[in-house]
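Participant:
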Amino acid sequence: MDDITASAQIAFRVRELRDILDLTEDDVAAKLGVDVAQYRKYESNENHIPISLLNKLAEIFKVDFTVLLTGEAPRMAKYTLVRSGEGVNVERYKGYKFQSLAYNFKNRTMEPMLVYLEPNETEDKEPALVQHGGQEFNLCLEGTVKVVLGDKEFLLNPGDSLYFDPSIPHGQRAVGGPVRFVTIINN
């Protein structure tokens, strides 16, 4: 399976876990709150599975988020050290990828990720909005990131941060060049 993309590997693991747990596509789609046609596109890797839905899938399947990302369970209980560039890389959409920074820590209550965004072809294109549970923290490291949060918009520059309720529809996009920021999602 090394020659297929990380996204395809994640879709394969989702389909495999659903089968192992004897859940139907309809069952999982209903639990996720998406229509079954959309869910099938996720499992077939026709559409990338949003991070928020990956977290929900991990809850539904009663596995750690890392199992969906890597196929392996986390092993560390006291600490996990991730050196620069050594997090688990996952490309989600064109121009957007993240690196999981605590993937090997068992029973974690938050997901810290390093996010890389490339600017859209047109600066006026708004980011896709998502919603999920928990709480979210974004810290801009490089570039300028536009965060849309409900009917508000924020421009974060290096050193700026935003902590918010992610049940509010939200999204991020690069402005004027590549962006690197840390996001921490508390489940």
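Note that numbering that gives the first Met the number 0 has the sequence shown beginning at 0, numbered continuously upward. Cβ atoms here follow ideal geometry from the backbone N, Cα and C, with glycine treated the same way. Predicted model only: the values in this text are computed from it and were never measured.
Could you pull out every residue in the same chain whose Cβ sits closer than 7 Å to the Cβ of G133, ignoring the five residues on either side in sequence?
Facilitator: Taking the first residue of the sequence shown as 1, we reach residue 133 at position 134. Once the five neighbours on either side are set aside, the close Cβ partners of G133 are P165, I184, N185 and N186.
Participant: Contact between the region 57–67 and the region 32–42 is defined here as three or more beta-carbon pairs at a separation below 8 Å; is this criterion met?
Facilitator: They do not touch, by the three-pair rule.
Participant: Here's a check: name, in chain order, each residue in its chain whose Cβ is nearer than 8 Å to the Cβ of K96, leaving out the five neighbours to either side.
Facilitator: Here residue 96 corresponds to residue number 97 of the sequence shown, with the count starting at 1. Cβ within range, chain order: N88, V89, E90, V114 and Y115.
Participant: At 4 residues or longer, what runs of the alpha helix (DSSP H) sit wholly inside the region 59–87?
Facilitator: Qualifying alpha helix (DSSP H) stretches, in chain order: 64–69.
Participant: In terms of residues, what are the limits of the beta strand (DSSP E) holding Q134?
Facilitator: Your numbering for residue 134 matches position 135 in the sequence shown. Unbroken beta strand (DSSP E) run through Q134: Q134 to L148.
Participant: DSSP three-state label for E110, please.
Facilitator: As a working mapping, residue 110 is identified with position 111 in the sequence shown. Of the three classes helix, strand and coil, the one that applies to E110 here is strand, per DSSP.
Participant: Considering just the uninterrupted stretch of the beta strand (DSSP E) at A173, what are its terminal residues?
Facilitator: Against the sequence shown, residue 173 aligns to sequence position 174. Note, A173: beta strand (DSSP E), H169 to N185.
Participant: Rounded to the nearest angstrom, what separates V181 and K151 at their Cα positions?
Facilitator: Taking the first residue of the sequence shown as 1, we reach residue 181 at position 182. Taking the first residue of the sequence shown as 1, we reach residue 151 at position 152. Spanning the two alpha carbons is a distance of roughly 20 Å.
Participant: Between A57, F11, I50 and L100, which lies nearest to E82 when the distance is taken from Cα to Cα?
Facilitator: Taking the first residue of the sequence shown as position 1, residue 82 is located at position 83. The sequence shown places Arg at residue 82, rather than the Glu named in the question. For R82, the nearest C-alpha among the options comes from L100.
Participant: Please go through the same chain and pick out, in chain order, the residues whose beta-carbon is closer than 6 Å to the beta-carbon of S51, but skip the five residues on each side of it.
Facilitator: Mapped onto the sequence shown, residue 51 falls at position 52. Cβ neighbours of S51 beyond the five flanking positions: V129 and H131.
Participant: Span of the alpha helix (DSSP H) holding K40?
Facilitator: For the purposes of this step, residue 40 is taken as the residue at position 41 of the sequence shown. Element bounds for K40: V35 to E42.
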